[in-house]
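Taking it in order: structure first as structure tokens, then the write-up.
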Amino acid sequence: MHRLFVALRPPSDIRALLLDAMGGIANARWQDDEQLHLTLRYIGEVERPMAEDIATALDGVRAAPVTFRIAGVGRFDGGGRPGSAVWAGISPREPLAALHAKIDTALTRAGLEPERRAYLPHITLARLLRNAGSPDRFLADQAMLSSAPVTLDHFLLYESRLRSTGATYEAVARYRLDR
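Sequence positions in the sequence shown follow our numbering and run 9 to 187.
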């Protein structure tokens with residue numbers, strides 16, 4: 009089985025900005041440099057033939073390069089816990105939402121179920137485990153986190169491997185934007 013997702017990899021200066029902002033939440037599982045990405049579409053576990061169909065379908069996605077910047081931070085509610093993750097926000101959202109929709113359409117044509125969740129472009133900074141401290145101070149301190157705009161001309165298909173220390177990600181295919 010292959011556990012896959014489609015994402016953008018922020019350039020090193022954006023990753024450095026995000027890494028510098030991390031900290032201040034007890035027992036949070038902070039992402040490392042290799043884990044920082046902006047998910048365009050989570051796929052999940054698939055068999056090899058479907059993985060090959062996915063790779064072919066993504067090659068047919070046509071879109072312009074995307075420009076975005078880091079814009080603040082937020083958290084996903086963990087259903088009664090302080091929050092299951094904290095993330096860096098992205099602005100503007102519309103170009104990424106349009107690219108997400110094109111990727112979702114291509115993957116649906118390849119045989120996957122369409123994405124049912126609303127798409128919110130973000131970069132996960134930390135996972136908050138049950139014993140994690142409150143993220144409130146971090147959210148207040150980093151509320152104005154921002155970067156200069158960056159333009160990316162490709163997206164990646166990643167394979168994820170779960171480990172006890174967190175997930176590791178390997179880019180298995182690269183797809184150019186601007187075609």
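Ideal Cβ placement from N, Cα and C applies to all residues, glycine included.
- Going by beta carbons, A65 and A118 fall inside the 7 angstroms limit.
- The beta carbons of L12 and L165 sit about 6 angstroms from each other, so the pair counts as a contact at 8 angstroms.
- With respect to H10, A59 sits close: the two C-beta atoms are nearer than 7 angstroms.
- A direct Cα-to-Cα measurement between I98 and D21 gives close to 15 angstroms.
- The C-beta of R184 has fewer than 16 other C-beta atoms within 10 Å across all chains shown, which makes the residue exposed.
- P157 and Q43 have their C-alpha atoms roughly 21 angstroms apart.
- Contact fails between the region 136-151 and the region 97-113, because fewer than three Cβ pairs, one in each stretch, are under 8 angstroms apart.
- Bounds of the alpha helix (DSSP H) holding H108 are E102 to R117.
- Judged by beta-carbon spacing, I111 lies within the 7 angstroms limit of V14, meaning their Cβ atoms are closer than that value.
- Looking at the backbone, the Cα of W95 and that of L133 are separated by about 5 angstroms.
- Within its own chain, the residues whose Cβ lies closer than 6 angstroms to the Cβ of A71, once the five positions on either side in sequence are excluded, are L107, K110 and L185, listed in chain order.
- Taking all protein chains shown into account, H45 has 16 or more neighbouring C-beta atoms within 10 Å of its C-beta and is therefore buried.
- Per DSSP, the beta-bridge partners of S99 are R77.
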